[in-house]
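J.:
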Amino acid sequence: MPVTKKKKRTPAKKNLVIVESPSKAKTIEKYLGSGYHVVASLGHIRDLPRSKMGVDVENNYDPHYISIRGKGDVIKSLKKEAKKAKNVYLAADPDREGEAIAWHLSHILDLDITAKNRVVFNEITKDAVKNAFTDPRSIDMNLVDAQQARRILDRLVGYSISPLLWAKIKKGLSAGRVQSIALNLIIEREKEIRAFEPEEYWTIDSEFKKGKEKFDAAFYGVDGKKKALKNNDDVQKVMTLIDTKANFDITAVTKKERKRFPALPFTTSTMQQDANRKLNFRTRKTMMVAQQLYEGIHLGKQGTVGLITYMRTDSTRVSTTAKHETAQFLHEKYGEEYAAIKPRKGKLQEGAQDAHEAIRPSSVLRTPASMKDYLSNDQMKLYKLVWSRFVASQMTPAVMDTMSVSIEQNGVIYHTSGSKTKFAGYTKIYEDNKKSDNILPDLKVGDKVKLAKNQPNQHFTQPPARFTEANLIKILEENGVGRPSTYAPTLDTIQRRYYVKLVAKRFEPTELGEIVDDMIEAYFSDIVNVKFTAELEKGLDNIEVGDENWVQVVDNFYKPFSKNVEHAQETIEKVQIKDEPAGFDCEICGSPMVVKMGRYGKFFACSRFPDCRNTKAIVKEIGVICPLCHQGEVIERKSKRNRLFYGCSRYPDCEFVSWDKPIGRECPKCQHYLVEKKVKGGKQVKCSNCDYEEAVQK
């Protein structure tokens, strides 16, 4: 009998899902099952060319997109997978940038732009992902246009001003819309500090006794009126009115019950600010760790799970599901009195997109304690911060018993206030840097108290503080400048360009930064005008909701801007950054060495450059012998990110390095070297090895 050959079964076609990140791809494929194949685009695959403007300003600002260099293999692979797929779903991140990536993918893969193949989810959990695939939508062109308008505006600004900076100041400089405002804010603050003139003032801080109980109070005024103490003469006039041996009278006592409400759950900027203040995380680091928590952490048998919701948001909205789960958790864990019946709602900031929820844990049941074994130290710190802030936002307020007291003798008035926690409320979970309890004795009107100590203190008003990363992000957000996704790259750029440097965690402008800012402010005042930029951001938001046309928004900006560019090209004279004499000669050719300004700051170079290319780093000795080799000098150095550190002058023969400044003394406890750390209120000497520390020096 003839043998019949069995036909080969054609494998069933799978649905192709394209996400941005490979780590997400594995997790999502596992959630969706065998009918789906999930691959990653590794971010954007098309962009404007780097070598030229890439925007046709004469033809409705038509962008010329090209495939990003190095993405050829990725594009080839995506096309191959798309051809054999049953359906193609685009599951990039749920924001403007993600929508634009989906749109670029649809062009590259020749997909129908109106097809319902766009899938979005706010958290990478099994339920959220599977639910998203039950209701795909078409690409939202309003979102795409908003992103496209921002990209084109930034390109028009950058590729118009940067060549001017190269020609008139030095090569390698850049300018951008948001970075120029951030730089200008830092420099304007520096000008305030330089112009500041301190004024003298005095306080009288006192200690009173009721029986054996002591409490503090401060001078308020005389004869019922508040009095400012401007100098020592004012203080002495008050002191002559006081009889230190006689009793003081309690003349007023006000007792109140005050509620302290929890903060709202995190937005991107508030998370960046809190992580900077509480965890000492730089903005870039915060976003990197948050991305890891969002994309998924391997939880043993549970597999990989996204622990937080999408981390680029300006909304404080919370889903009903998350509210119910948290309420149940609080009832079971702490009792019904800790769960808010109606959690506090935030007022949506003007211009906020409200596209997603607030940043929250994907499930409050995954407590920080239960996640400890699966997270790195940094991941644990940030997850705990997000988890506790969110859970606290769903809790009842703390209740405080407060007491305000007035103390008087011969018309001299002192005031004090105290507070005591009556009910912990949300503070049981989340500390928000508010003052702790200050408990006063039981005081009543008519009570007599004695003066135990009366200490006049001289003070001088202080200049405004330089910006920390947290302060700068806060002021940018308050002024409507930039959006959640822009803060980290903005702060990173102004440091990489050496326009500013971080000194003791605060921004200081460099000479180069001030030169660049002066030029931009003189010729492109709109670029550093906070109100103008905020209005432009509103225009982008209006594009997103379909209220404005993106070409018109770009045109309204570019027409006056292009005239400013022409004027600047004609009138700006080349800025001469004069080389300072270094005070010694080049050891190669004998010519004088000079101090030059480079991308990462100043350095020594031969005055005969380019004929002689001898260069040297500028090092500053701190007068301390290396504690490791005991031969070299400890010198100040700078990392690639412009962070100051200390190393041995004999490097690489000696590899001693320290972020903190060695002071040349040994620890009396363990004989390791002591270092000086900058702390709140001054400097403190600590051991580099053990827990030994000395008092803070102001």
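With the numbering used here as the guide, the letters of the sequence shown map in order to residues 1 to 698. Just so it is clear, CB atoms sit at the ideal spot from N, CA and C, and this is done for glycine as well.
Compute every distance between the C-beta of serine 51 and the non-hydrogen atoms of the ligand ATP, then say whether any falls below 7 Å.
T.: Annotation note on the ligand ATP: not contained in the displayed structure, which lists no ligands.
J.: Would you say serine 370 faces chain C, with C-beta separation under 8 Å as the test?
T.: Protein chain content of the structure displayed is limited to a single chain, and chain C is not contained in it.
J.: Quick check: the Cα distance between serine 319 and alanine 695, rounded to an integer number of angstroms?
T.: Within the sequence shown, numbered from 1, the residue matching residue 319 stands at position 319. Within the sequence shown, numbered from 1, the residue matching residue 695 stands at position 695. In a straight line, the C-alpha of serine 319 is about 49 Å away from that of alanine 695.
J.: What number of angstroms, rounded off, separates the C-alpha of glutamate 537 from the C-alpha of aspartate 432?
T.: By 1-based counting over the sequence shown, the position of residue 537 is 537. By 1-based counting over the sequence shown, the position of residue 432 is 432. For glutamate 537 and aspartate 432, the gap between their C-alpha atoms comes out near 31 Å.
J.: Between the Cα of aspartate 517 and those of Glu666, Ala504 and Arg497, spot the shortest distance and give me the residue it belongs to.
T.: Locating residue 517 in the sequence shown gives position 517, where the first residue counts as 1. That would be Arg497, whose Cα lies nearest to the Cα of aspartate 517.
J.: Could you tell me how far apart the beta carbons of phenylalanine 85 and asparagine 15 are, in whole angstroms, since I believe they sit closer than 8 Å?
T.: For the purposes of this step, residue 85 is identified with residue 85 of the sequence shown, where counting begins at 1. For the purposes of this step, residue 15 is identified with residue 15 of the sequence shown, where counting begins at 1. Looking at the sequence itself, residue 85 is alanine, so the reference to phenylalanine does not match. Contact flag correct, Cβ pair sits at about 6 Å.
J.: Pull up the distance between the alpha-carbon of glycine 682 and that of glutamine 697, whole angstroms please.
T.: Locating residue 682 in the sequence shown gives position 682, where the first residue counts as 1. Locating residue 697 in the sequence shown gives position 697, where the first residue counts as 1. The alpha-carbon atoms of glycine 682 and glutamine 697 are separated by roughly 5 Å.
J.: For the beta strand (DSSP E) containing valine 19, name the first residue and the last one.
T.: As a position in the sequence shown, residue 19 is number 19, starting the count at 1. Per DSSP, valine 19 belongs to the beta strand (DSSP E) from 15-19.
J.: In this structure, does DSSP put histidine 298 in helix, strand or coil?
T.: On the sequence shown, residue 298 is found 298 positions in, with the first residue counted as 1. In this structure, histidine 298 counts as strand in the three-state DSSP scheme.
J.: Taking the straight line between their C-alpha atoms, what separation do you get for tyrosine 646 and cysteine 687?
T.: Counting from one through the sequence shown, the residue named residue 646 turns up at place 646. Counting from one through the sequence shown, the residue named residue 687 turns up at place 687. Roughly 16 Å separates the two Cα atoms.
J.: Mark asparagine 280 as exposed unless 16 or more other C-beta atoms lie within 10 angstroms of its C-beta, in which case mark it buried.
T.: Within the sequence shown, numbered from 1, the residue matching residue 280 stands at position 280. Flag for asparagine 280 reads exposed.
J.: Once the 5 residues before and after glutamate 213 are set aside, which same chain residues still bring their CB inside 7 Å of it?
T.: Looking up residue 213 in the sequence shown gives position 213. Pro441.
J.: What residue does the alpha helix (DSSP H) around histidine 107 start on, and which one ends it?
T.: Residue 107 sits at position 107 when you count from the first residue of the sequence shown. It spans 96-108 - the alpha helix (DSSP H) in which histidine 107 sits, taken as one unbroken run.
J.: Within this structure, are the beta carbons of valine 481 and isoleucine 181 separated by less than 8 Å?
T.: Taking the first residue of the sequence shown as position 1, residue 481 is located at position 481. Taking the first residue of the sequence shown as position 1, residue 181 is located at position 181. Yes.
J.: For the beta strand (DSSP E) holding arginine 506, just list the boundary residues, first then last.
T.: Position 506 of the sequence shown, counting from 1, holds the residue named residue 506. 506-509 is the extent of the beta strand (DSSP E) around arginine 506.
J.: How would you call threonine 244, buried or exposed, if buried means at least 16 neighbouring beta carbons within 10 angstroms?
T.: Looking up residue 244 in the sequence shown gives position 244. The residue is exposed, with fewer than 16 neighbouring Cβ atoms inside 10 Å.
J.: Which residue's Cα is closest to the Cα of glutamate 58: Lys285, Cys670, His459 and Val551?
T.: Within the sequence shown, numbered from 1, the residue matching residue 58 stands at position 58. The residue with the shortest Cα to Cα distance from glutamate 58 is Val551.
J.: Distance check for isoleucine 139 and lysine 116, CA to CA, integer angstroms please.
T.: Position 116 of the sequence shown, counted from the start, is the residue given in the question as residue 116. Position 139 of the sequence shown, counted from the start, is the residue given in the question as residue 139. Cα to Cα, the separation comes out at about 7 Å.
J.: Can you tell me which of the three DSSP states leucine 443 falls into?
T.: For this step, residue 443 is matched to residue 443 along the sequence shown. DSSP places leucine 443 in the coil class of the three-state scheme, outside both helix and strand.
J.: Within 10 Å of its beta-carbon, does leucine 365 have 16 or more other beta-carbons around it, so buried, or fewer, so exposed?
T.: Here residue 365 refers to the residue found at position 365 when the sequence shown is read from its first residue. Burial call: exposed.
J.: Measuring CA to CA, which of Thr254, Arg613, Arg50 and Leu32 is closest to glycine 418?
T.: Residue 418 sits at position 418 when you count from the first residue of the sequence shown. That would be Thr254, whose Cα lies nearest to the Cα of glycine 418.
J.: Round the Cβ separation of glutamine 394 and lysine 323 to the nearest angstrom and send it over; I've been treating them as touching at under 8 Å.
T.: The count along the sequence shown starts at 1 and reaches residue 394 at position 394. The count along the sequence shown starts at 1 and reaches residue 323 at position 323. Contact holds; Cβ gap of about 7 Å.
J.: Kindly indicate the opening and closing residues of the alpha helix (DSSP H) around tyrosine 159.
T.: Within the sequence shown, residue 159 is the residue found at index 159, counting from 1. Where tyrosine 159 is concerned, the enclosing alpha helix (DSSP H) stretches over 141-168.
J.: Determine the DSSP secondary structure at asparagine 556, reduced to helix, strand or coil.
T.: Within the sequence shown, the letter at position 556 stands for residue 556. Reduced to three states, the DSSP call for asparagine 556 is helix.
J.: For tyrosine 201, report the span of its beta strand (DSSP E) as first-last.
T.: To locate residue 201, count along the sequence shown from 1; it is residue 201. Run containing tyrosine 201: 200-210, per the beta strand (DSSP E) assignment.
J.: Evaluate the contact criterion for the segment 216-231 versus the segment 190-204: three or more CB pairs, one atom per stretch, below 8 Å.
T.: yes
J.: Is leucine 443 closer than 8 Å to valine 405 when the C-beta atoms are compared?
T.: Sequence index remark: in the sequence shown, residue 405 carries index 405 (1-based). Sequence index remark: in the sequence shown, residue 443 carries index 443 (1-based). Between valine 405 and leucine 443, the C-beta spacing is below 8 Å.
J.: Whose CA, out of Gln302, Lys372 and Glu295, lies closest to the CA of isoleucine 308?
T.: On the sequence shown, residue 308 is found 308 positions in, with the first residue counted as 1. Residue Glu295 is the option with its Cα nearest to isoleucine 308.
J.: Pick from Lys209, Ala488, Val289 and Lys531: whose alpha carbon is nearest that of glutamate 478?
T.: Taking the first residue of the sequence shown as 1, we reach residue 478 at position 478. Closest option to glutamate 478, Cα to Cα, is Lys531.
J.: Where does threonine 320 sit, in a helix, a strand or coil, going by DSSP?
T.: As a working mapping, residue 320 is identified with position 320 in the sequence shown. Threonine 320: helix per DSSP, three-state reduction.
J.: How far does the alpha helix (DSSP H) with isoleucine 187 in it extend, from its first residue to its last?
T.: The count along the sequence shown starts at 1 and reaches residue 187 at position 187. Isoleucine 187 -> alpha helix (DSSP H) spans 177-195.
J.: Should aspartate 95 and serine 485 be called a contact, given that it needs their Cβ atoms to be closer than 8 Å?
T.: Here the question's residue 95 lines up with position 95 in the sequence shown. Here the question's residue 485 lines up with position 485 in the sequence shown. Taking 8 Å as the Cβ cut-off, aspartate 95 and serine 485 qualify as a contacting pair.
J.: Should leucine 241 go down as buried or exposed, given a rule of 16 or more other Cβ atoms within 10 Å for buried?
T.: Within the sequence shown, numbered from 1, the residue matching residue 241 stands at position 241. Leucine 241 counts as exposed, since fewer than 16 other beta carbons sit within 10 angstroms of its beta carbon.
J.: The alpha helix (DSSP H) with lysine 30 in it runs from where to where?
T.: Start at 1 with the first residue of the sequence shown, and residue 30 comes out as number 30. First-last of the alpha helix (DSSP H) with lysine 30: 22-32.
J.: What residue range does the beta strand (DSSP E) around valine 119 cover?
T.: On the sequence shown, position 119 is the one that residue 119 refers to. It is not in any beta strand (DSSP E) - valine 119 carries neither H nor E in the DSSP assignment.
J.: Under the rule that 16 or more other beta-carbon atoms within 10 Å means buried, what is glutamine 671, buried or exposed?
T.: Taking the sequence shown and counting its residues from 1, the one referred to as residue 671 is at position 671. By the Cβ-count criterion, glutamine 671 is exposed, with fewer than 16 other Cβ atoms from all chains shown falling within 10 Å of its own Cβ.
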